[in-house]
Amino acid sequence: MNVNLNEIVFLIVATTVAVSAVGVVTSKSIVRSAVWLLLTLIGISFVYFLLGAEFLGAAHLIVYVGGTLVLVVFGVMLTAGGPFTTLANHRWEWVVGVAVAILLFGILVAASLQLGASTPSPTGNMPGTGSLGLAFLGVPDPASKVSTSYLLPFEIVSVHLLVVLIGAAYLARAKKRAKPHD
Amino acid sequence: MLSLFNQYLPESLAIVLTALVGAGLVVSFMGVSALMFIWAERKISARMQDRLGPTRTGKFGLLQSLADGIKLITKEDFAPDGADRVLFRAAPYLAFCAAFAGFIALPFGSGVAVQTLSIGAFFMLAVLSSEVFGVMLAGYASGSKWALFGGMREAAQVVSYEVPRSICVLVPICIAGTLNLTTIGQQQVGGFWNWYVFHDPFTFVAFIIFFIVATASCKRAPFDLAEAESELVAGFHTEYSGIRWSYFFMAEYGSMFAMSGLAAMLFLGGWHTGVLPYEPTVAFGPWLGVPLNACVVIGKGTLLVIVMMWMRWSLPRLRIDQVMMTCLKYFLPISCVLLLGVCVWQLYVPKLVGDGVKWVLAGSTIASILGVSVSLFRPLQHAPAGQLPGAWGK
């Protein structure tokens, strides 16, 4: 029997991701679904690590687990109480949700079947993040001599984020109260 | 080790076995170091407060943590009525797993790591920052207002301190040009003046800032607002007892050591003693070099952990608004300036000036450490009865 360790580990990780993704939508309490989401996101970063994309996996952890999810739970904790801690879905919401999920799953399966099996590179080396970093800066890749610059789109996206941040800070700032002088 | 197992076993079994051995080593290291650190913390705090600390259990009270551990295991494991039972029980394991996973990428010598990742520094930051999740869940799931306040403070504090911490890590990364912790360690071979902390004034300040920010992100005093005893009973772990409570402490001491190890790797020359001008594993062979390297890394990490304890028992706790202000108004701009400064230094400062500054920094640091040590170990001046010695007597 030829046991492939990669496949076993992938099966375990993929099952965890799938089960916890179902848990996210089925659990009633928001914090419970955040914890299921935590398991899903950690599982996805494990998939990246399994594929050898260490940078992507770590970035996934730091952005989603360390940042986004903490903010979600933080927000729930600040606003806890009242009608928002538990979720109850109507029957028609379930029907629509399941239909959209099946549609998306079908599209993804069709797309991945079209891609076919991956061809490992002849040298056996995994592509690193170095070429991506060089491409960001517009430096020609030493291997292929192809010069691409992603610097402008990257900067536009970052400036956009900055604008959003400033806008959020403006909206959330403490309003000056017109207090009578006493 | 993988090749050793490969000789006797099929490849997949060998990989699993190697992983198990690595995980076992890390868990036992975390456990033993937590026991020793807790003992050291009690002894150090006692000495700083003119007490003796634990003395009854073994020589110098060395077995105190072990006795405490046995007591904690036998305690009743219960959850309060208002608690979310599942999350309450899972939270300590989440915190522990995050601290544990940080050790995967931490090298204890040249190539002696559980897994040498090409992005080791980034991975450690990512994993250690997710420890906050366990603490927040503990705070939320306890169903107690004190715990909830503790968890919220922890979330706000750690999320903000993550930013200057990451920027401070970038400062030596800019010099090293890699995120691989093993390569960064290998680049600092030779005398202590080659350590990145002495590379230029910016890295020197960055080390200090990183150390303070790391203390804050390990929720250690003076930044331990999440468990402020005077206001919140015990903060996020108010409702915990027994073995689950001790998992939080294993996680705290584990992440303290992981942070100190990361600081040692990035700034303090990693596994290099600073005296030997060559790579120990190459010169002495693996059987002598690897234990020496591991001892040096553990020694440097322990030293930094002891400095954290020293800070804890010297400085009063900040208020929560002061904690946030220190981070966002001071550490964040300072670390941005440091990052810009180190880039400019790398690009425009000639080698002669750079070397001179390196020598001056290393020399003056060593001289001041020596001066302080000499003045510490001077024999005590005897005061007349009823008076204090030294400057206090006048």
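Residue numbers (this note's numbering), protein chains in the order written: chain Y, 1 to 182; chain S, 1001 to 1394.
All C-beta atoms, glycine included, are put in the ideal place defined by N, C-alpha and C.
Here the structure is a predicted model, which means the values were calculated and not measured.
Listing by chain order, which chain S residues have their CB less than 9 Å from the CB of V31/Y? D1084, L1087, L1137, Y1140, A1141
Check the Cβ-Cβ distances between F74/Y and every residue of chain S, and say whether any is below 8 Å. yes
Against G1151/S, what residues of chain Y qualify as contacts under a CB-to-CB distance less than 7 Å, listed in chain order? M77
The segment 2-14 of chain Y touching the segment 1008-1016 of chain S, judged by at least three CB pairs closer than 8 Å: yes
Select from A1216/S, V1290/S, S1130/S the residue whose C-alpha is nearest the C-alpha of L41/Y. S1130/S
Could you tell me which chain S residues have their CB closer than 7 Å to the CB of G23/Y, listed as they occur along the chain? Here the premise fails: no neighbours, minimum Cβ distance about 11 Å.
S29/Y, DSSP secondary structure in three states: strand
Using 10 angstroms around the beta-carbon of V164/Y, count the other beta-carbons present and answer buried if the total reaches 16, otherwise exposed. exposed
As assigned by DSSP and simplified to three states, the class of E7/Y: helix
Please compile the residues from chain S whose C-beta is within a distance smaller than 7 Å of the C-beta of F154/Y. Here the premise fails: no neighbours, minimum Cβ distance about 17 Å.
6 Å Cβ shell around F1108/S - same chain, five flanking residues per side excluded: A1294, V1297
Does the beta-carbon distance from F1248/S to V1323/S come in below 8 Å? no
Cutting at 8 Å between CB atoms, please list the residues of its own chain near I1366/S, excluding the five before and the five after it. F1192
Taking only beta-carbon positions, decide if I62/Y is within less than 8 Å of chain S. yes
Given a limit of 8 Å on CB to CB distance, which residues of the segment 1099-1129 of chain S reach chain Y? L1117, S1118, I1119, F1122, F1123, L1125, A1126, V1127, S1129
Assuming the contact rule is C-beta atoms closer than 8 Å, V1209/S and S1335/S should be a hit. Round their C-beta distance to whole Å, please. The question names Val, but residue 1209/S is Ile in the sequence shown. Indeed, because the Cβ distance is near 6 Å, the residues count as touching under 8 Å.
Can you list the residues of chain S that G133/Y reaches, using a CB-CB cut of under 8 Å? Those within 8 Å of G133/Y in chain S number zero; the least Cβ separation is about 11 Å.
If we ignore side chains and look at the alpha-carbon of each, how far apart do R1378/S and V1372/S end up? 10 Å
Under 7 Å Cβ-Cβ, which residues of chain S neighbour V17/Y? None at all; the shortest Cβ gap to chain S is about 17 Å.
Helix, strand or coil for W92/Y, going by three-state DSSP, please let me know. helix
Neighbourhood of F46/Y by C-beta, 6 Å cutoff - its chain only, sequence neighbours within 5 removed: V13
In this structure, how does DSSP classify E1011/S when only helix, strand and coil are distinguished? helix
Delimiting residues of the alpha helix (DSSP H) encompassing N1180/S: Here N1180/S belongs to no alpha helix (DSSP H), and DSSP marks it neither H nor E.
In chain order, what residues of the same chain lie with their CB nearer than 7 Å to the CB of C1188/S, ignoring the 5 residues before and after it? Looking at the sequence itself, residue 1188/S is Gln, so the reference to Cys does not match. Closer than 7 Å at the Cβ level, and outside the excluded window around Q1188/S, lie N1194, W1195, Y1196, G1269, G1270, H1272.
Residue closest to A1023/S, alpha-carbon to alpha-carbon, out of S1045/S, A1083/S, F1060/S, A1113/S: A1113/S
Out of I1243/S, P1333/S, G1386/S, Y1330/S, which one is the CA nearest neighbour of R1089/S? I1243/S
Assigned secondary structure, A1105/S (DSSP; H/G/I helix, E/B strand, else coil): coil
Any beta carbon of chain S sitting closer than 8 Å to that of L137/Y? no
Quick check: the Cα distance between A1083/S and I1073/S, rounded to an integer number of angstroms? 21 Å
Every unbroken alpha helix (DSSP H) inside the segment 1263-1320 of chain S [4 residues or more]: 1280-1284, 1286-1314
Using a beta-carbon distance cut-off of less than 9 Å, what residues from the segment 1240-1265 of chain S approach chain Y? none
Residue of W1146/S, S1364/S, V1213/S, A1098/S minimising C-alpha distance to N58/Y: What sits at residue 58/Y in the sequence shown is Ala, not Asn. Nearest C-alpha to A58/Y: A1098/S.
Quick one: Cα of M1/Y to Cα of G138/Y, how far? Here M1/Y scores only 45 on pLDDT, less than 50, and its place in the model is too uncertain to base an answer on.
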